[in-house]
Amino acid sequence: MAEMSTESMSVPITCLHVIDNFLLVGEGGCVRCHQLENGQELSQLTVFTGARVHGVTELPVHNADDSGAPPEHRQLIVYGSKQLCQVSLDTGGCLRVVRPAVHLTSWLLDITPLPEGALAALDTHGRLLRLASDLSGQVVPPVRCPDRCILYSGALLPPATSADSLLAFCGTVFCQVLIWEPGDGDCDGPILHRLTGHTGVIFRLTLSPARDSLLSCSDDRSVRQWRRVGSDWLRVAPAAAGALFGHEARVWSALPVGAGRVVSVGEDSRVCLWSPEGRLVRRWRAHAGASVRAAAADSAGRWLVTGGGDGAVLVWPLVGPPAPASLLAAPAGDRARTLRSLDGYRQLLVTDAGRLLLLRRDGDGGVTSELLLHDPRLASYALLAVSPDGERVALAGMQGHVITLRTDGDCLVPAADRQVLDGKVYSLHWLDAGQLLVCDGAGQLHVLTDVGGALCVSRRHQLPPSRQRWVTAAALCPPETLVAADRDGSLYVYLPDRMEPVQTLRRLVGRYGATSITRLSGSGPDVATSPGPSDSGPDVATSPAPPDSGRTLLVTARNGTARRLRVGEDGLLRQTGCLRLPWDWAAAAVQLDGQQAVVGFHGNQLVLWSVSAERELWRVDCGGGHRSWALSVSERHCWLSWVTEGSVRHVTCPLEHLRTTVVTAGIQGGGTLSAALLGPAPDGGSLMALSGQDGTVRLISAGSALSPSLPPLSPSLRPLCTLRGHISAVRAVCAAGSSHLVSAGGRGQVLLWGLTDGGTAALQLSEHRVKPESRRRVEDTPETRYMDLAARADGGTVTVAAAGSDGLVRLLGFRADSPAPDLSLLASVPVADRCLLRLRWLDSARLAVVGTDGALWLWDTPVMTSGEELSRVERTGTGSEESDTESRLNSGLERGSTHELEGVMKEARLKSVEESALDSEDKSESVRESVPDPRHDSSEPSGAMDLRTHPARPAQSPSDPVDPVRLPSLHQSGINALEVASAGAGCATVVTGGDDGAVRLSELSSDGQLTCRAELAPAHGSQVTGVAMLPGGCLLSVAIDQRLCVWRRPAGSDILTMVACHNTPVADVKGLLHWTDRQGRDLVLVYGEGVELVRLDLTGYDRSPNISGSQHR
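Offset between the sequence shown (1-based) and the numbering used here: plus 4.
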């Protein structure tokens, strides 16, 4: 007996509905109830099988008492596709099925209750159905709209009284909105009005709660408003109230949110808030670029809920336009120059005349100024720095003086004054509450310590030679390890007893330099050292946090990255992660309302970005990052100030306007194309990698469920981190050893990642690209896409086989035990003149390859796994030079390696020049006659084996070390699913699934003979995309028809028999992943447009490890 049940899923959200303080979420055929305020899940209920929930209708309340208290049970009608059912919701948020699902003959667009107790339903065929209140059937025959056309959308307006008529608003494929008054069964009823103006089909119609306006969403990227004229919709045609254009793609839904405002969501992942006058008030990007199909708002218009194609549900505050910036003029005859934050309510300003002013924010948002200091030595040029705890302030100028102040109650008083340098101070940074870093133009670093009110030099260091030799950011980590970044983008590590750096990470953060180094703790950052070498450096002040003894740093840079580094026990830095932001200037890190955020600049706007939610929190037009600015965060407000035209402008935003409640976290933004099992996750679950259409790789964990409504050991899907680095869709991903991950996709790009922090993060280590034959003829070379990957490990060497759309199989390798692994091309061979779709290792040397020709190919790969051979290839390989160099620099395992690293950079530049010269020459190659015009891969190193330069040969045995051998065709067309298992003595079991819907079980003998043992054609109603072998001799398959099936082969039969079938809510299924977790449960991950985690119970079947510890895709 085999049974399958859904344990967890993350599929596109298709329905959202708010009732009081409850939020109902429709995901697949399931309805979940959450608390609207905090997003806590209260209950979940599966209502449909093979259908998605698209709408919820509330039935009239009949059991409410006179006190106005909510009824004990709310009665709801849930509908989707061709099904509907009745559900009750009690005051505790518990959902219960009252009447099970009823199947109709056509798709439902809207349902509304009628005064007599029946239900009215509008379907896509333009028919109005009157259903009994108990869903037992139709009360009267259906009536049909006079316009015989398919409807894309519809909305029903129930009669307010018995004297009123039921009205149907219909969105047609002819870009019209019809207002139709249905008849009573004997008469279809007339069309009252036709509303025109849209140039695309109508996707959604929404009536306002006051029943006086209509919103229509269309394929033409617009939302149109229609106003009722008079007291009803019958006599006079509605008036067009305007068209709202703000989306860049199709608009899926729009709804009124109170006070005349409108919210619209669409395919472009944008959420737009419109004023009653039709003006765009706010627009933001949500759900990681995925389409946003569902939206709902509370009755008070305070909160907006959106559901995306990534499976996420987010709650946003509905606030008006941002407050305008206020102006604070500098003293007469003076100009503002430098701003810094002191705490959440105070900021410091230095002027051209050398004045130091204290700015205070009042309770009503006003700002007052107070003169603290006036020193002519600070005129025209002054650096300003605030200690991490906000208790000390330092200033420096052109003459080398350093002035410090300390807090005394609510005031600042002078503390020390010393001339440290003979000339200009180039940078000034507080390392902690008592140590100050000063840098001159020659790269001399002086660490000053306040001893009894006097500044004493406690240590000195020297920056290596560079073009711009000063520090832009610095931090002090225990034990007394100084990390400094210079203007050229390099990071240096200093120990107290060494003048020169013990480690150099050259150009780690790009040529424009680092902007901040933040020390992270368990609760977030507590130190933000960000003043740059000029007056326009960034500055962030947060509420003081407890001291941190951790060694993790977050480095932001002007190349749009935020890198996580860790100081080891040996005092050296190692990079553990890199976040690429959606803009090019990351300025500082800040802890905002309990979440990690990054401040950056996009053009002339400051952007506050949430790292955890991966979304924009706040955007202010402040002129750009070259201006001096300061951001102060208090318990309730964010206060931003910046210098413009010699004055200070400031704006305040309440923190509640920036809060976003994540009800459900999204898994994959653009659909999942591949999945790989990496091993155990730190939280006790299983660690997996998902690659997507959006060019990202996401690490997720399937572990113990967090939802109280699920069984304690039930797995749930939780995102861990997102890896960005691909320039196109990532079509394949696989585990490469115990601590590495390989991903590949479009543009012939393969990336090697190293897993860090126990698998919760990853760092890009190396890159390999397929280059065109000549740079002058790029457009003549078709794009190569990698379709599948398979890896095998032999000691410290990992070999990765990649199947390409150009018909070639490429072997790439790297040393897993190397401190800087380099992914290099070992060999490549043309297999077929068509696209290759899947490949698997049969043993340590043989590959099984399938493609769009329906045949199985065998290739005995060349033996290139020795350390010496791989080292030779790595030395001559031409993988991504930039990522290779960066990984070698980031390893940081050698002390005092500056000169050696400079040699590495010089060698890389010389090799780049040589490759450019070779690319300019005319090249020619002879190809096998059996494979017409295979693509030339100029990225092959000179040490790689070229297996394509020989004419056609006679048929060879599978043991031939050069040419693949074609075996008889298994399917009529392409093979999308392949799984193999070694049977010993050179034999193997092969399972395939194809475009013809067939599943075949075959045996491969040691002499290369392929014999079909069992099949079912067709096993599915569409192409099979995933297969797996289960314990006990069973097979597992999934197809585009959204059926997950378990098969077995009866004794003595060659026909597969179905044992169990499960309808998955995942659309456009791309494949499956099967594994056994640490609790001994068989789990299956189905992926495509969403993911579903299915538990498989194989009770009664022998669990002999014919496939033990295996991973199946």
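Where a beta carbon is used, it is the ideal one built from N, C-alpha and C, also for glycine. Just so you know, these numbers come straight off a predicted model, no measurement behind them.
Between the C-alpha atoms of residue 1023 and residue 556 there is a straight-line separation of about 53 angstroms.
Boundaries of the beta strand (DSSP E) around residue 1041: 1039 to 1043. Here residue 488 is near residue 495, since their CB atoms are less than 9 angstroms apart. The shortest C-alpha to C-alpha distance from residue 351 to any of 363, 847, 690, 53 is the one to 363.
Classified as exposed, residue 608 has fewer than 16 neighbouring CB atoms from the shown chains inside 10 Å of its CB.
With a minimum length of 4 residues, there is no unbroken run of alpha helix (DSSP H) contained wholly in the stretch 199 to 252.
When the Cα atoms are used, residue 24 and residue 303 turn out to be separated by approximately 8 angstroms.
When secondary structure is reduced to three states using DSSP, residue 380 falls in the helix class. Ranked by how close their Cα comes to the Cα of residue 999, the residues 706, 160, 1021, 864 have 1021 in first place. Per DSSP, the unbroken beta strand (DSSP E) holding residue 418 starts and ends at 415 to 423.
Nearest to residue 370 by C-alpha distance, out of 748, 653, 52, 800, is 653.
Take residue 844, set aside five residues on each side of it, and the residues of its chain with a beta-carbon closer than 8 angstroms to its own are 794, 851, 852, 982, 983, 984, in chain order.
Here residue 671 is buried, its C-beta having at least 16 other C-beta atoms within 10 Å. Within 10 angstroms of the beta-carbon of residue 503 lie fewer than 16 other beta-carbons, which makes it exposed.
Here residue 592 is bridged, per DSSP, to 603. Classified as exposed, residue 203 has fewer than 16 neighbouring CB atoms from the shown chains inside 10 Å of its CB. Looking only at 386, 687, 469, the smallest Cα-Cα distance to residue 428 is reached by 386. At least 9 angstroms separates the beta-carbon of residue 79 from that of residue 87. Between residue 11 and residue 1098, the C-beta spacing is below 9 angstroms.
When DSSP states are grouped into helix, strand and coil, residue 1093 belongs to the strand group.
In the three-state scheme derived from DSSP, where H, G and I count as helix and E and B as strand, residue 640 is classed as coil. With a 10 Å radius around the Cβ and a threshold of 16 neighbouring Cβ atoms, residue 650 comes out exposed. Beta-bridge analysis with DSSP links residue 1033 to 1039.
About 30 angstroms separates the beta carbons of residue 301 and residue 603, which is beyond the 8 angstroms limit, so they are not a contact pair. By the CB criterion at 9 angstroms, residue 171 and residue 237 fall inside the cutoff.
Between residue 808 and residue 791 the beta-carbon gap is near 7 angstroms, inside 8 angstroms, which marks them as a contact. Non-local beta-carbon contacts of residue 360 in its own chain, meaning distances under 6 angstroms to residues more than five positions away in sequence, involve 354, 376, 377 in chain order. Annotation for residue 1007: the continuous beta strand (DSSP E) segment containing it runs 1003 to 1008. A Cβ-Cβ contact shorter than 9 angstroms links residue 597 with residue 662. In its chain, beyond the 5 residues on either side, 130, 176, 177, 178 have a beta carbon closer than 7 angstroms to the beta carbon of residue 153. Only buried fits residue 114, as 16 or more other CB atoms lie within 10 angstroms of its CB. With contacts defined by Cβ atoms closer than 9 angstroms, residue 972 and residue 841 do not form a contacting pair. Per DSSP, reduced to three states, the secondary structure at residue 283 is coil, with no helix or strand assignment. The shortest CA-to-CA distance from residue 407 to any of 464, 442, 373, 613 is the one to 442. Between residue 756 and residue 659, the C-beta gap is not smaller than 9 angstroms, which leaves the two residues out of contact.
Following the DSSP letters along the chain, one finds residue 979 inside the beta strand (DSSP E) bounded by residues 979 to 988.
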